[in-house]
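Chemist:
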Amino acid sequence: MSEEKSLNFLEEIIEQDLAEGKNGGRVHTRFPPEPNGYLHIGHATSICLNFGLARKYNGKCNLRFDDTNPITEETEYVESIMNDVKWLGFEWDELHFTSDYFGQLHDYAVALIKKGLAYVDDSSVEEIAATKGDIGVPGKETPYRNRSVEENLQLFEEMRQGKYPDGAKVLRAKIDMAHPNLLMRDPLLYRIKHAHHHRTGNTWCIYPMYDFAHGQSDSLEQITHSICTLEFIHHRPLYDWFIEKLEIFPSHQYEFARRNLSYTVMSKRKLLKLVTDKYVSGWDDPRMPTVSGIRRRGFTAESIRNFCDRIGVAKRDNVTDMSLMEFFVREDLNKKANRVMAVLDPVKLVITNYPEGNGEMLHCENNPEDPAAGFRELPFSRELWIERDDFMENPPKKYFRLAPGQMVRLKHGYIIKAEEVIKDTEGNVTEIHCTYIPESKSGNDTSGINVKGTIHWVSAPHAKTAEIRMYDRLFRVEDPSSEDGDFRDFINPDSLKVIPTAYIEPALAEAKAGDTFQFLRLGYFCVDTDTTADHLIFNRTVTLKDGWAKEQKKA
RNA sequence: AGUUCCAUUGUGUAAAGGUAGCACAACUGAUUUUGGUUCAGUUAGUCUAGGUUCGAAUCCUGGUGGAACUACCA
């Protein structure tokens, strides 16, 4: 049986083009971010799509910075974007900046003027908006629309030379002021901005608009399939118009629906607001849907690639549930992350019949899913920390863990039986006394006893401490992007919970930033970039599936 | 209102006129020294009304519902 994977609509288009011998059998895509912010998971789908298509069809994919607006763009963003693309596991075939084409784009503008297809307009922003018309209402032509080619050439040259202040004049295409598509009503091609550009400095004071730059840049790079999101679909007639009138390489634009994720926002404007208004610690806050944020949180590049492949690409509106992304993270980490033990909410456990002194070392498997991960030695002793909710004085029926008179296994260690509970004056449990069964040692258990529960622990005299940061969804509402206004109304106040001192097993003190572990029964945790030898910080990447929680919900 | 795009289980996607399938989620059960993992299984879907056809999720028409477009942003 050939495992025939179904094609998405873009792959179908490409295969048809290939079958027809279009573009000489070439496939060339590009990922074209504007360097005005950090990349987010939505960009990641676009990256996986563009680079993935190129990889699949033996083609090429460029990284192009669409830097036509000097006001918003910064070198810091350029660097973070290149870093994120590489981290996701992709290499660009060519690196370009739209600003490298400013000279060529200027020549294209001159060519359009010469053909009588572009003119200089002296109207103000307000006048242009007022004469644009409206949905269903045709616009009005400006009095400057019929200037001669010579005059337009001269004025455009004077614009370039810096003879006019910002906003005094613009270059517009001469198309149709009554066109039902607002974008075809004499769109702006160039505007005057006396501003410093992050790459071209002060060389230019006129800058091309997106529409006049994007398609031509695609064409200059011989891009065969220019893939963008659906909101650009109205731009396609313009895209094609420039290519036709300039008689340049016919790149084609294809649109797909933006990917949305439940409980998160993708708009760069809103992400920027989260950062500048300090709702989060920065672009790489582990709650942010940015590539740098989810990386810091411990999501792996492979799981993101798998996620993007799985959710696919289509043209209908969509909101993918977070649980799908979390599944791919768990799937990947389950194979890779070593199992270790940590106690987040400790209570003391004393094994009264275990000898006092230094205890013993236990031989522990690092990862049952990966035999190559090996073993480690783990100290065991008379006094341990265990998780507070692994003991219940009055347990419900299906509670498999510690309770008075009930037996449980200490992971990698012995079976114990709870004998006595010590409480403070307010009735809080401060210590649990129990006995152990010496013949039940993990690995050579001759006791013949079967217990239903296994709990994790850390030897009290050997334990190290660490700070644990637990993250939850940043937003309370499922689709925060549908809401406008103040974030405060729908930010989740419990999105960050800090545990200043948790107990961890001693070997973990050596862990380095970026290392990820499964804390047994608690979830996956990743060492934070701010961690130091004196102060270990773990971020919770994702929780484990919780069978006990389900059990309780039923009750 | 005009133009354009879209509509398949709770979610995301397949089925190019011929058995509505996959993954996640949910639910059963088995295995398990993690209430994890793994394995087996169950529930659940073509927006609507017509038309074309031997046969329609697919093609056509009308309706309904949703989205995008009215920046000297990209």
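Position in the first sequence (from 1) plus 11 gives the number in the working numbering.
Positions of the beta carbon are idealized from the N, C-alpha and C atoms, including for glycine.
1) Would you mind stating whether W396 and W294 have Cβ atoms separated by less than 8 Å?
2) Could you please give the first and the last residue of the uninterrupted alpha helix (DSSP H) stretch that includes R247?
3) Ends of the alpha helix (DSSP H) at A566?
4) In this structure, does DSSP put Q529 in helix, strand or coil?
5) Buried or exposed, going by whether 16 or more other CB atoms sit within 10 Å of the CB of K126?
6) Any chance the region 33 to 42 sits against the region 65 to 72, with 3 or more Cβ pairs inside 8 Å?
7) How close, in whole Å, do the beta carbons of N550 and R308 come, if the pair is a contact with beta carbons under 8 Å?
8) If I measure Cβ to Cβ from V330 and keep anything under 8 Å in the same chain, skipping five residues before and after, which residues do I get?
9) Would you tell me roughly how many angstroms separate the C-alpha atoms of L547 and E388, rounded to the nearest one?
10) For L241, which of helix, strand or coil comes out of DSSP?
11) So what's E398 in DSSP terms, helix, strand or just coil?
12) Please report the distance separating the alpha-carbon of I427 from that of V462.
13) Looking at the secondary structure, which residues open and close the alpha helix (DSSP H) in which N550 lies?
14) May I ask which residues mark the beginning and end of the alpha helix (DSSP H) holding W98?
15) Is the region 194 to 204 touching the region 244 to 252, taking contact as three or more C-beta pairs under 8 Å?
16) Out of K151, L164 and H225, state which residue places its alpha-carbon closest to the alpha-carbon of A189.
17) Straight-line CA distance for L285 to Y119?
18) Quick check: what's the CA-CA separation for P176 versus R202?
19) Would you mind sorting I146 into buried or exposed? The rule is 16 or more other CB atoms within 10 Å of its CB.
20) Measuring alpha carbon to alpha carbon, tell me which of L199, A30 and T465 ends up nearest A140.
21) Mapping the DSSP letters down to three states, classify F536 as helix, strand or coil.
22) Would you mind working out which of Q233, V361, E45 and V538 sits nearest F108, comparing C-alpha positions?
23) Taking only the alpha-carbon atoms, compute the straight-line gap between I52 and S159 and give it to the nearest angstrom.
24) Can you name the start and end residues of the alpha helix (DSSP H) that D320 belongs to?
25) Along the alpha helix (DSSP H) that carries A141, what are the first and last residues, could you check?
26) CA-CA distance, S458 and P449?
27) May I have a chain-ordered list of the beta strand (DSSP E) segments no shorter than 3 residues that lie completely inside the region 393 to 443?
28) Run through the DSSP bridge pairs and tell me what G212 is partnered with.
29) Buried or exposed for Q227, please, with buried defined as at least 16 other CB atoms from any protein chain shown within 10 angstroms of its CB.
30) Distance, Cα to Cα, L555 vs E242?
31) Do I466 and L507 have their C-beta atoms closer together than 8 Å?
32) Whose CA, out of K434, Y155 and T512, lies closest to the CA of E138?
33) Kindly confirm or deny that the region 305 to 321 and the region 58 to 69 touch, where touching means at least three C-beta pairs closer than 8 Å.
34) Look at the alpha carbon of F260 and the alpha carbon of Q233, and state the distance between them as a whole number of angstroms.
35) Rank I24, F42 and P43 by C-alpha distance to the C-alpha of F34 and give the top, closest one.
36) Given 8 Å as the limit, is there contact between the region 407 to 421 and the region 429 to 441, that is, 3 or more CB pairs closer than that?
Modeler: Let me lay it out:
1) In this structure, W294 does not lie closer than 8 Å to W396 by Cβ.
2) R247 -> alpha helix (DSSP H) spans R247 to L257.
3) That residue, A566, is in no alpha helix (DSSP H); it is neither H nor E in DSSP.
4) Residue state for Q529 is assigned as strand, using DSSP reduced to three classes.
5) By the C-beta density criterion, K126 is exposed, having fewer than 16 other C-beta atoms within 10 angstroms.
6) Yes, since at least three Cβ pairs between the region 33 to 42 and the region 65 to 72 fall closer than 8 Å, the two stretches touch.
7) Confirmed, about 5 Å.
8) Within the same chain, V330 has close Cβ partners N271, L272, S273, E489 and D490.
9) C-alpha separation (whole angstroms): 21 Å.
10) Helix.
11) When DSSP states are grouped into helix, strand and coil, E398 belongs to the strand group.
12) Straight-line spacing of the CA atoms in I427 and V462 works out to 10 Å.
13) Where N550 is concerned, there is no enclosing alpha helix (DSSP H), although the beta strand (DSSP E) it sits in stretches over I548 to V553.
14) Run containing W98: T86 to W98, per the alpha helix (DSSP H) assignment.
15) Contact between the region 194 to 204 and the region 244 to 252 is present: three or more C-beta pairs spanning the two stretches fall below 8 Å.
16) Out of K151, L164 and H225, K151 has the C-alpha closest to the C-alpha of A189.
17) Taking the straight line from one Cα to the other gives about 40 Å.
18) Using only the alpha carbons, I get a separation of about 10 Å.
19) Exposed, since its Cβ has fewer than 16 Cβ neighbours within 10 Å.
20) Residue L199 is the option with its Cα nearest to A140.
21) F536: strand per DSSP, three-state reduction.
22) The shortest Cα separation from F108 among Q233, V361, E45 and V538 belongs to E45.
23) Rounded to whole angstroms, I52 to S159 spans 49 Å at the Cα level.
24) In the DSSP assignment, D320 falls within the unbroken alpha helix (DSSP H) covering A312 to I322.
25) Looking at the DSSP string, the run of the alpha helix (DSSP H) that includes A141 is V136 to T142.
26) Going by the C-alpha atoms only, they are around 8 Å apart.
27) Fully enclosed beta strand (DSSP E) runs of 3 or longer: 394 to 398, 418 to 421 and 426 to 434.
28) Here G212 is bridged, per DSSP, to H208.
29) It counts as buried.
30) L555 and E242 have their alpha carbons spaced roughly 37 Å apart.
31) Contact annotation: I466 and L507 have beta-carbon atoms that are not nearer than 8 Å.
32) Of the candidates K434, Y155 and T512, the one whose C-alpha sits nearest the C-alpha of E138 is Y155.
33) These segments touch.
34) Each residue's alpha carbon lies about 6 Å from the other.
35) As written in the sequence, residue 34 is Asn, which differs from the Phe given in the question. Ranking I24, F42 and P43 by Cα distance to N34 puts I24 first.
36) With three or more CB-CB distances shorter than 8 Å, the region 407 to 421 counts as touching the region 429 to 441.
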